[in-house]
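Mapping of the sequence shown onto mature numbering (1 follows the signal peptide of the UniProt record, and there is no 0): residues -21 to -1, 1 to 527, in sequence order.
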Amino acid sequence: MKHFKELTTAVLTLLATVAYAQDGEAPSGPSDVNVLGKDTFDSFVKEHPLVLAEFYAPWCGHCKALAPEYEDAATKLKEKDIPLAKVDCTVEAELCEKNGVQGYPTLKIFRGPENSSPYAGQRKSDAIVSYMTKQALPAVSLLDKDTIAEFKTADKIVVIAYLSPDDKEKNATFTSVAEKLRDSFLFGATSDSALAEADSVKAPAIVLYKTFDEGKTVFDGEFTAEEITNFATVASTPLMGEVGPETYSGYMAAGLPLAYIFVDGEEIKEKLTAAIRPIAEKYKGKINFATIDAVAYGAHANNLNLETKWPAFAIQDTTKNLKYPFDQEKEITETSISEFVDAFVAGKIDPSIKSEPIPETQEGPVHVVVANNYEELVMDNDKDVLLEFYAPWCGHCKNLAPKYEELAALYFNNPEYKDKVIVAKVDATANDVPVEIQGFPTIKMYAAGAKDLPIDYAGSRTVEDLATFIKTNGKYKVDAYVAPPPEPETEEETEEPKAEKSAEETPVGSAATAATETVKEAVKKATEAAQAVVGDDDYVRNSLPEEL
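Rendered as C-alpha cells:
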C-alpha cells in the first residue's frame, strides 16, 4: 500500500473533477447514504455507535452494482438509526489507506474510529439490513412476554434459549455460541417458565425458529458449545434449499457436501424436489441438498464437471473441493439418486478430476501447474511454492502476468534459490484444485514443511512486495529482490523565452481543449496507478458467488 501515497492530492482531485464532468450532472434526489471524507469521517463514527462504511472507486464494476442495493439498505436502516456511509478512495486516498483498503468495494463496520471489523454479509439490500440489525443488538437479547413474539419474527432464523437465571454455566455456554455466530443468527434468551411452557418446552431448552420447512426445531443434544453450534448450523439449513448469490457462501462454509439439482423450470423443479426430498431427509446433517436455476446459473455446471444439459445432479465435497457428477446419460429418479448418494457416502465413487495436459517441459520461469501434477509440484516437495490461481479472462491476472514472470525469474535464474523456491500458476477454470477459489487472482504460499497450512497473499501486486512475502513466509527466508538503481539525474535544459501569443492568437476553445486533454492524461495515469495498487473487486473478492 505504500505506493498509494504516491498518488498526489492534486491528481486525485483531477480524477474526481473529470469523473464528475464525464458523468454529467451529479446524482439528483436525496440520498440516505452519508458521503464522508477525512474531515468528517472520525467525527461521524464518533457520533453514531454503529456505522457501515463503503470504501469504493468510481471505476469499480462491483461498486456500481452495489450502489442501488446499498442505497436501498440505507433507507431501510435509517429508521433503525443505523447509518450507512461511503468514501471515494480516488479522492480520499489517505483515509482509505489508514483503514487498510486493498480492494473495492471494501465494507467495514465501525464502532468508533479505532474499532472496526469487516462486513461479512452478502451485498444485497435485505442481507445488509439483516446483518446490520444483528450487529445493532447485543449477542443475546433478553426477552419477556412483551417482546418475545416480535423477536421470533425479527429475522428468517432466530434462536431462543429458555434458561433459569441461576444456571450460570448454561447461560455462559449459550452466550459464547451467540458471540461466535452473531453474524448469522439472532439470539435471545428468557427465564420466564410460562413462555417455555407456551412453546411446549421446559428449561433448559433451545428452540430455533425459521420461516421455512417445519417452522421450528427443538435442540435435543448435550448442552455444549460444539453441540449447540452444530445444531444451529444444521437446523437453519433448508431441507431442500436453493443455491444463489445469497446462499452460496453459506453452503460453502457449512463444511458439508453439497448436492446440486440443476433445473430449468418450475415443473421439473417441483418434480425432482419431491423425488429427492426423502433422500435429503435421510442424510440431513450429513449432506446439504439444493436446487439451482440452470437458466440463470448454468455456467456453474462446468465447475462441477457437468455438461450444460438439464436436469443434472452433482455432489461437491466443499472441504476438499472434489466433484462427483451424476452420469448425465441416466435419468434422475428417486431410486437412481438414492443409489448414487448411498455410494458416495460409502466412499465407493471416485471424484471427477478436470485437468489440462501436463506440460512436457516447463517453459519459462513460472511453473505451470495442472490438476494432474498439482500434488507433485505444489504439495509433495520440500520447496517453498508461491501459487497463483488465475482465470484467462481476468483483467487483473493479465496485468499481473509480466510482474509475476519477473518475480519468478529472481529464483529460477539463480542457482542458489532455484531449488528452494518455485513460483507457479494454475488456470483454476480448466483444472480442479483442492481449494475453493473466491476470486481471481488468488495467490497462496505453500511453505516447505507446512503445505497443509497455505498462507493467502493480501498485499499489493508488485515484484518487491511479492518477494518480501516469500521471504517472510517461506521456510528458507530467501531474499531475492534487488532494488533497481536510481535513475541518474539529468541537467535541466533551458531554452530561450518565446514571445507570448496574444489573446487573439489563442482561441479560448483551444486553450480549454488543451487543458482538458492535460487533465484527462493526468487522470488516466492516476487511475492506472491506483488500479495497480488497489484492485477492482471484480477479481479480488466474491467473484464466484456473483457469478451464481
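Each residue gets a CB set at the ideal place from its N, CA and C atoms; glycine is no exception. Computed from a predicted model, the values in this text were never measured in an experiment.
- Under the DSSP assignment, His27 falls outside any alpha helix (DSSP H); it carries neither an H nor an E label.
- The secondary-structure analysis by DSSP pairs Tyr188 across a beta bridge with Val137 and Lys195.
- For the pair Asn267 and Leu218, the CB atoms are not nearer than the 7 angstroms cut-off.
- When the five nearest sequence neighbours on each side are left out, the beta carbons in the same chain lying within less than 7 angstroms of the beta carbon of Cys42 are those of Tyr35, Ala36, Tyr83 and Pro84, in order along the chain.
- Between Phe198 and Phe210, the beta carbon gap of about 5 angstroms places them in contact (Cβ cut-off 8 angstroms).
- The Cβ-Cβ distance between Ala325 and Leu366 does not fall below 7 angstroms.
- At a Cβ-Cβ threshold of 7 angstroms, Lys333 and Asp444 do not count as neighbours.
- Taking C-beta atoms as the reference points, Val138 and Leu187 count as a pair closer than 7 angstroms.
- Within its own chain, the residues whose Cβ lies closer than 7 angstroms to the Cβ of His27, once the five positions on either side in sequence are excluded, are Pro62, listed in chain order.
- Under the three-state reduction of DSSP, Lys103 is assigned to coil, being neither helix nor strand.
- Excluding residues up to 5 positions away in sequence, Asp411, Val412, Pro413, Val414 and Glu415 lie with their Cβ nearer than 8 angstroms to the Cβ of Asn300 in the same chain.
- For Val324, there is no enclosing beta strand (DSSP E); the enclosing alpha helix (DSSP H) covers residues Glu313 to Val324.
- In this structure the segment 70 to 81 does not touch the segment 112 to 127; the number of beta carbon pairs closer than 8 angstroms is below three.
- Judged by DSSP in its simplified three-state form, Val345 adopts coil rather than helix or strand.
- Sixteen is the threshold: when 16 or more other Cβ atoms of the shown chains lie within 10 Å of the Cβ of Glu33, as they do, the residue is buried.
- According to the DSSP secondary-structure assignment, Lys404 is paired through a beta bridge with Val347 and Glu367.
- For Val457 against Tyr383, the beta-carbon gap comes to about 17 angstroms, at or over 8 angstroms, which does not count as contact.
- Note on Ala291: 16 or more other CB atoms within 10 angstroms of its CB, so buried under the neighbour-count rule.
- Around the beta carbon of Ile337, fewer than 16 other beta carbons sit within 10 angstroms, so the residue counts as exposed.
- In this structure, DSSP gives Ala269 an extended state, which the three-state scheme calls strand.
- Separation of Asp145 and Asp134 (C-alpha to C-alpha, rounded to the nearest whole angstrom) is 29 angstroms.
- Counting only residues of its own chain and dropping the five nearest sequence neighbours on each side, Lys248 has a CB closer than 7 angstroms to the CB of Val242 and Thr270.
- Separation of Arg90 and Asp162 (C-alpha to C-alpha, rounded to the nearest whole angstrom) is 15 angstroms.
- According to the DSSP assignment, Ala259 belongs to the alpha helix (DSSP H) that extends over Glu245 to Lys261.
- Annotated three-state conformation of Val180 is coil, per DSSP.
- Per DSSP, reduced to three states, the secondary structure at Tyr98 is coil, with no helix or strand assignment.
- A direct Cα-Cα distance of roughly 14 angstroms separates Asn282 from Ile240.
- Only exposed fits Thr312, as fewer than 16 other CB atoms lie within 10 angstroms of its CB.
- Pairing Asp51 with Lys59, the inter-Cα distance amounts to about 14 angstroms.
- The continuous stretches of alpha helix (DSSP H) do not include Gly167, which lies in the beta strand (DSSP E) extending over residues Leu165 to Thr169.
- Counting only residues of its own chain and dropping the five nearest sequence neighbours on each side, Ala99 has a CB closer than 7 angstroms to the CB of Asp162.
- In the structure shown, Ile337 falls within a coil segment according to DSSP collapsed to helix, strand and coil.
- Cα atoms of Val108 and Tyr227: separation of roughly 19 angstroms, rounded to the nearest angstrom.
- Per DSSP, reduced to three states, the secondary structure at Gly40 is helical.
- For Thr169 and Glu221, the gap between their C-alpha atoms comes out near 33 angstroms.
- With respect to Phe164, Ile127 sits apart: the two C-beta atoms are not nearer than 7 angstroms.
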